[in-house]
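Number of protein chains: 2
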Amino acid sequence: MRSIAILGGTGQQGRGLAQRFAAAGMRVIVGSRDPDRARDTIAAWAETRGSVAVADNLTAVTQSTVIVLAVPFPTVDALLSEVHDRLQDGATVIDVTVPVTFAGGKMTMLDVAEGSAAEHVRARLPQHVHVAGTFKTIPAHLLGDVRVSLDCDEFVCADSEEARAQASALIDLLPGLRAVNVGPLARARHVEHLTALAIAVNRRHKIHDARFRVVGLP
Amino acid sequence: MRSIAILGGTGQQGRGLAQRFAAAGMRVIVGSRDPDRARDTIAAWAETRGSVAVADNLTAVTQSTVIVLAVPFPTVDALLSEVHDRLQDGATVIDVTVPVTFAGGKMTMLDVAEGSAAEHVRARLPQHVHVAGTFKTIPAHLLGDVRVSLDCDEFVCADSEEARAQASALIDLLPGLRAVNVGPLARARHVEHLTALAIAVNRRHKIHDARFRVVGLP
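Going down the list, the sequences are from chains H and Y.
Counting with this note's numbering, you get residues 1 to 218 for the letters of the first sequence.
Counting with this note's numbering, you get residues 1 to 218 for the letters of the second sequence.
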């Protein structure tokens, strides 16, 4: 059974990914700063099917070569410093963060010097790991409601063909989801703006699950 | 019959909008720097149904209170200076430009000091006109193929509720198109990134008409 480590897997987005990948047959390791609390949280999840284990973040990254960063963007630097030296050779790090804040009730994109959260993550990791950016535009609210089919497309960019293929395969594991390859990691800046657009649509239309489909793909 | 002036209406995007709005029953005035040449160009269009007239840009903006800027982003400043003093009171200017270049075969977004092309346009117009940003994500190639239904959503942002409603009504006139309101003009930056994403999808997948639908809207 293939494994996937989801760091920050007790948040809404992380929980949705963990439950959905477990249901798809993967061995999920939820990484947490506080594994005891995480175990209680996970025990309380409804509708979990399949295998979900818990570990501290450092242990989690030694147990899988696919690592999802499901933490809020402002906390990603601390997490990356923590795990930097323990990532396995050739591991793929999947960045799902989006640099938005909701200060004062207003959604704003943070200025990221590297151009995008995905490039920011790339700049903080050793060269021997790959980085892909994806799962950025699916609403956490929707991901977390594991009975609902996602029914949308998800964009994938990465620093290598191998990482793009790996991330695309993960996407295609989840029912209702189609992977759309958009090329190099620098394309993440457009995808992250798309998330901001989804949030704007949600707020304006008083819904919670705006997402996207590409029309015109064969 | 309602009128619409399309400045730069002989380019691929302008032609598609002109022909589609004419077919939808609007009186279209194509504005051009060189009306004689524009008249020859337009006479050669296939499949034109309805009313398409030609005028120089200055005359065009005095003949309609709905003005579409269908010129490449790098030329919009010159156009706005030219028409600035002739725009009618309460006119709505519809910015469809996207700040991308294809220098060296590589697509890059230009840095726009105001945050987006739409805000750039707003900053160069008198306060007595409204500005909406829309028709930014539909491929020019597809717009120009007037026999094809657009079959996608188009995002609308504007500096006033009135301009948003006006732009939305224009979108809803075109078969296969649905207007999605995303709020204030500053949201244009996300929409313009979406255009860049569509271009990336097109290039990566060797297609010409990638566009988007929002899933989750009632």
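Yeah, the Cβ is synthetic: ideal placement off N, Cα and C, and Gly gets one too.
Please check the pair residue i and residue j, which I expect to be a contact at CB under 8 Å, by giving their CB distance rounded to whole angstroms.
{"i": "Y/G144", "j": "Y/Q12", "result": "5 Å"}
{"i": "Y/R178", "j": "Y/A132", "result": "The pair is not a contact, with the Cβ atoms about 16 Å apart (cut-off 8 Å)."}
{"i": "Y/L142", "j": "Y/V68", "result": "With 8 Å as the limit, Y/L142 and Y/V68 do not qualify as a contact, their Cβ atoms being about 17 Å apart."}
{"i": "Y/R122", "j": "H/H193", "result": "Contact flag wrong, Cβ pair sits at about 19 Å."}
{"i": "H/R39", "j": "H/V52", "result": "No, H/R39 and H/V52 are not in contact; Cβ-Cβ is about 10 Å, not under 8 Å."}
{"i": "H/V156", "j": "H/V182", "result": "7 Å"}
{"i": "Y/A117", "j": "Y/D95", "result": "6 Å"}
{"i": "Y/F212", "j": "H/R213", "result": "7 Å"}
{"i": "Y/E209", "j": "Y/P139", "result": "Here residue 209 of chain Y is Asp; the residue named in the question, Glu, does not match the sequence. Y/D209 to Y/P139, Cβ: 5 Å. Contact."}
{"i": "H/V180", "j": "Y/V100", "result": "Not really, about 19 Å apart at Cβ, beyond 8 Å."}
{"i": "Y/V30", "j": "Y/A44", "result": "Not confirmed; about 13 Å, so no contact."}
{"i": "H/V146", "j": "H/G16", "result": "6 Å"}
{"i": "Y/T97", "j": "Y/V76", "result": "6 Å"}
{"i": "Y/R124", "j": "Y/L185", "result": "Rounded, the Cβ-Cβ distance is 13 Å, inconsistent with contact."}
{"i": "H/H130", "j": "H/A158", "result": "7 Å"}
{"i": "H/T41", "j": "H/T10", "result": "5 Å"}
{"i": "H/K61", "j": "H/A22", "result": "The sequence shown places Val at residue 61 of chain H, not Lys. About 18 Å; that fails the 8 Å criterion."}
{"i": "Y/V90", "j": "Y/H120", "result": "Checking the sequence, you will find Gly at residue 90 of chain Y rather than Val. Not really, about 22 Å apart at Cβ, beyond 8 Å."}
Whose Cβ in chain H lies nearer than 7 Å to the Cβ of residue i?
{"i": "Y/D209", "result": "G216"}
For residue i, go through chain Y and note every residue whose CB falls closer than 8 Å to its CB, in chain order.
{"i": "H/V182", "result": "L197, A200, V201 and R204"}
Counting only C-beta atoms, is residue i closer than 7 Å to chain H at any point?
{"i": "Y/D151", "result": "yes"}
{"i": "Y/F212", "result": "yes"}
{"i": "Y/R187", "result": "yes"}
Within 7 Å (strictly less), CB to CB, does residue i reach chain Y?
{"i": "H/L110", "result": "no"}
Name the chain H residues that come within less than 9 Å of residue i, Cβ to Cβ?
{"i": "Y/V221", "result": "Lying outside 1 to 218, the shown extent of chain Y, residue 221 of chain Y is not represented and no answer is given."}
So residue i contacts chain Y; which residues on that side make the cut at Cβ distance below 7 Å?
{"i": "H/R178", "result": "Per Cβ cutoff of 7 Å: no residues; H/R178 is ~12 Å from chain Y at best."}
For residue i, which of helix, strand or coil comes out of DSSP?
{"i": "Y/G133", "result": "strand"}
{"i": "H/P74", "result": "helix"}
{"i": "Y/A158", "result": "strand"}
{"i": "H/S64", "result": "coil"}
{"i": "H/G229", "result": "No statement about residue 229 of chain H is possible, as the shown extent of chain H runs from 1 to 218 and does not include it."}
{"i": "Y/F21", "result": "helix"}
{"i": "H/T48", "result": "coil"}
{"i": "H/S116", "result": "coil"}
{"i": "H/I138", "result": "coil"}
{"i": "Y/G248", "result": "Because residue 248 of chain Y is not part of the residues shown, which for chain Y are 1 to 218, the question remains open."}
{"i": "Y/T97", "result": "coil"}
{"i": "Y/I199", "result": "helix"}
{"i": "Y/D36", "result": "helix"}
{"i": "H/D56", "result": "strand"}
{"i": "Y/D111", "result": "coil"}
{"i": "H/I256", "result": "Only positions 1 to 218 of chain H appear in the structure, and residue 256 of chain H is not among them; the question remains open."}
{"i": "Y/S149", "result": "coil"}
{"i": "H/G183", "result": "strand"}
{"i": "H/A5", "result": "strand"}
{"i": "H/G176", "result": "coil"}
{"i": "Y/L69", "result": "strand"}
{"i": "H/E189", "result": "A quick correction: the sequence has Arg, not Glu, at residue 189 of chain H. Residue state, collapsed to three classes: helix."}
{"i": "H/G31", "result": "strand"}
{"i": "Y/R122", "result": "helix"}
{"i": "H/T92", "result": "strand"}
- Taking contact to mean at least 3 C-beta pairs separated by less than 8 Å, is the region 158-172 of chain H in contact with the region 189-203 of chain H? no
- Task: Count the C-beta pairs between the region 147-156 of chain Y and the region 104-113 of chain Y that are closer than 8 Å, then say yes if the count reaches three, no if not.
- Result: no
- Decide if the region 61-81 of chain H is in contact with the region 13-31 of chain H; the criterion is three or more beta carbon pairs, one per stretch, under 8 Å apart. yes
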